[in-house]
Amino acid sequence: MIRKLTVLLWVLTLLLSGLPGLSVHAANSPLAKIPGNSNPLMDHKLGADPFALVYKGRVYVYMSSDEYVYNSDGTVKENDFSPLNKIQVISSADMVNWTDHGAIPVAGYNNANNGSGIAKWASLSWAPSAAYKTINGKDKFFLYFANGASGIGVLTADSPIGPWTDPLGKALVTQSTPGMSGVTWLFDPAVLVDDDGTGYLYSGGGIPNTSDPASVANPKTARVLKLGADMTSVAGSAVTIDAPYMFEDSGIHKYNGKYYYSYCINFSGTHPPDYPAGEIGYMVSSSPMGPFTYKGHFLKNPYTFFGVGGNNHHAVFNFNNQWYVVYHAQTVSKAQLGEGKGYRSPHINKLVHNADGTIQEVQGNMAGVPQTANLNPYTRVEAETIGWQAGIATEKSQAAGGPVANLNVTNIHNGDWIAVGSADFGTGGAKTVKANVASTAGGKIEVRLDSASGPLVGTLNVSPTGGAQVWKEIETGVSGAAGVHKVFFVFTGSGSGSLFNMDYWQFTPNTSGTKVEAETMTLGGTYAGKVSSPFSGVVLYANQDSAAYTQYFANSTHSISVRGASSSSATARVDLLIGGTAVGSFYFTGTAPTVQTLSGISHATGNQEVKLVLTTDNGTWDAYVDYIEFQ
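FYI, the numbering for the sequence shown is -26 to -1, 1 to 605, going by mature numbering (1 follows the signal peptide of the UniProt record, and there is no 0).
See the structure below:
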């Protein structure tokens, strides 16, 4: 990526204004993804033709490897698609913070990818799609790609991020595959694993004769194939999908028992209004093999939303019971170059099915979708998990302990930063933060909340470690990090060169204990109330009277204490529920307050309702509660 001139412009501004600039902090500006927005999904690199796979609470997006191609004078030329021999992968658990898993070196023909290409027969890898299937009791992953427009290949792995292998050593689908004759462009695969475990592959595109209106209107170049049980073979013959005004970009999803085939409408000739050029049209069938009936269109050309057009490529998916469409647009290249030049970046917006099964028009925008879950800062977070950034890049890492094909953040200069959205530090807050770094120069990592110039809660001092891939974990204290915040790691240092690399970061919670006074809780039941004797607290008079509040738990095991008393010499029992699950009981005998403790209690993490409930009341005693404390 071309580095921005923000730092130079800042220095120039200081010189012109006469300010000394000796201790001024200046954070660089983001490129295209602005904090608070969710689109584009990333702006530190490009990615085209996205396809989404949902697996175990994460969305994985696989993309063609758009990269800038340069003229001999160093200027960026129009995209010629020559770098499209890899597949980029990112994933997210919350739709805002995306982990960069790097590029899969797919194509291996003629020493492609410097000899590391997996499919030695393929020279290109366009427009991927991915699926998983349980085979012999184990989840297996399948990555389909186009070798240019000449055929479809497949890679397999035991995880959604690899490592990947080529099970066939050749293309899965070619022009000689039964039923594929007449396909102009054999590319753009989309895959569906149906509820019964059967796989289906959709592909094709192009117009046999662009000068013939009948050929433009009904190219008949889309196909659907039934896959074998192994997902790496073809069962039977391909079936033609007569998609009106078909151009490219097969898509498939299943909704309410119906199969939705979607595609990019072509740009040739004159179209009736129902088939707008360059938009995503869709057809519906009661069978995955068709026949499909055209119903309409739901995603306009990116030009409508972002002022820069080009081809339209999409995939529809469901995540946590919400439907979305992922598509590409030339927003990052436009922000960086002033024009798109054909270089694309991934976006996601919500998709809505109407009650009659039709699809509403999607509203593409830079705002994107809201974050679906808070990030836990008390677990290891890869530095390449990025909500927003300014100036950085990612690279393959030699640091130990990371995911498959681990990356680290690099190209770090003074004023650059990375940030994540909605990290939940809980009511107790953070005590320390650590990071794994490698450096030949050194600098500082300022930990700030909510913006790149927001409250400073800690500073990590990075000293030279002996090399750009010689890794050392550093740690510092944190003050003021509680509740839910965006977290910015702002990099500072002297000189114009790269300062250091960053592999991961992790906060630790305050462990001094969390104490919550009962009178601050929400009371429930018929008779529960507040009291001032024998202490300031609450009284639970009858069965199911309760006091409750919500607490964030970074850890799943605690010792839990409650101070309380009975209203008489009888024993009052108070049950403790966390997240709706009973985890133990406290027994208070007599009117003198005592502290009762439950040790080693296991419970759910994250935000949970903590509830104290009076039980087994016989009408002759009450329970008084002063506070609850977690250690």
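The beta-carbon is built from N, C-alpha and C at its ideal position, and this holds for glycine as well.
- Message: Strictly by DSSP, which residues pair up with W391?
- Response: A364 and V464
- Message: Going by DSSP in three states, K370 sits in which element: helix, strand or coil?
- Response: strand
- Query: How many Å lie between L(-5) and T401 at the Cα?
  - Reply: At L(-5) the pLDDT is 29, less than 50, meaning the model places this residue with poor confidence and gives no usable figure here.
- Thinking just about the alpha-carbon of each residue, which of V28, L514, N11 and A426 is nearest to the one in P134? V28
- Query: What is the DSSP secondary structure of A397, counted as helix, strand or coil?
  - Reply: strand
- Message: If the criterion is Cβ atoms closer than 7 Å, does the pair A81 and A96 meet it?
- Response: yes
- Do the CB positions of Y118 and P163 come within less than 7 Å of each other? yes
- Mind checking who L273 pairs with in its DSSP beta bridge? I254
- Extent of the continuous beta strand (DSSP E) run through V548: T545 to I552
- Message: By the three-class DSSP mapping on this structure, what secondary structure does F562 have?
- Response: strand
- Grouping DSSP H, G and I as helix and E and B as strand, with all else coil, what is residue 624? Residue 624 is absent from the model: the chain starts at -26 and stops at 605.
- Cβ pair Y237, M220 closer than 7 Å: yes
- Message: By DSSP's criteria, residue 615 is part of a beta bridge. Which residues make up the other side?
- Response: Absent from the model: residue 615. The displayed extent of the chain is -26 to 605, so no value can be given.
- Item | Per-residue burial, S185 [other beta carbons within 10 Å of its own, 16 or more giving buried] | exposed
- Within the chosen definition, does the region 29 to 44 reach the region 326 to 345 through at least 3 CB pairs nearer than 8 Å? no
- Query: When the Cβ atoms of the region 170 to 182 are set against those of the region 110 to 127, are three or more pairs found closer than 8 Å?
  - Reply: yes
- Take every Cβ of the region 368 to 375, pair it with every Cβ of the region 290 to 310, and state whether three or more of those distances are shorter than 8 Å. no
- Around the Cβ of Y44, are there at least 16 other Cβ atoms within 10 angstroms (buried) or fewer (exposed)? exposed
- Expressed to the nearest angstrom, what Euclidean distance is found between the alpha-carbon atoms of V(-3) and V461? Unreliable positioning characterises V(-3) in this predicted model, as indicated by a pLDDT of 38, which lies under 50. A coordinate reading is not provided.
- Item | Three-state class that DSSP yields for D596 in the structure shown | coil
- Item | Beta carbon proximity, F55 to chain D, threshold 7 Å | The displayed structure is made up of one protein chain only, and chain D is not part of it.
- Simplified DSSP assignment, three categories, for V190: helix
- So who's on the other strand from Y352, going by DSSP bridges? For Y352, which the question treats as bridged, DSSP gives no partner whatsoever.
- Along the beta strand (DSSP E) that carries T214, what are the first and last residues, could you check? For T214, the enclosing beta strand (DSSP E) starts and ends at V208 to I215.
- Message: Can you find the residues in the same chain that come closer than 6 Å, C-beta to C-beta, to H321, ignoring five residues on each side of it along the sequence?
- Response: N13, P14, Y301 and A303
- Mind checking V326: buried by the 16 CB within 10 Å criterion, or exposed? exposed
- Task: Please work out which residues of its chain come closer than 6 Å, Cβ to Cβ, to S413, disregarding the five sequence neighbours upstream and downstream, and give them in chain order.
- Result: V436, P438, T439 and F474
- Using CA coordinates, which residue listed in S530, S38, Y523 and K7 is at the minimum distance from A22? S38
- Task: Could you tell me which residues DSSP pairs with P483 in its beta bridges?
- Result: A404
- Query: Considering only C-alpha positions, which residue in the set V557, G471, V190 and I92 is nearest to G574?
  - Reply: V557
- Message: So for S576, helix, strand or coil by DSSP?
- Response: Collapsing the DSSP output to three states places S576 in a strand.
- Exposure label - K30; buried when at least 16 CB within 10 Å: When all chains shown are included, K30 counts as exposed.
- Message: I want to know whether the region 204 to 222 touches the region 145 to 164 - three or more CB-CB distances under 8 Å.
- Response: yes
- Answer with buried or exposed for N59, where buried requires no fewer than 16 other C-beta atoms within 10 angstroms of its C-beta. buried
- For G89, the three-state DSSP class (helix, strand or coil): helix
- What is the C-beta distance between L430 and V407, in whole angstroms, given that I count them as a contact (C-beta under 8 Å)? In fact, because the Cβ distance is near 12 Å, the residues do not count as touching under 8 Å.
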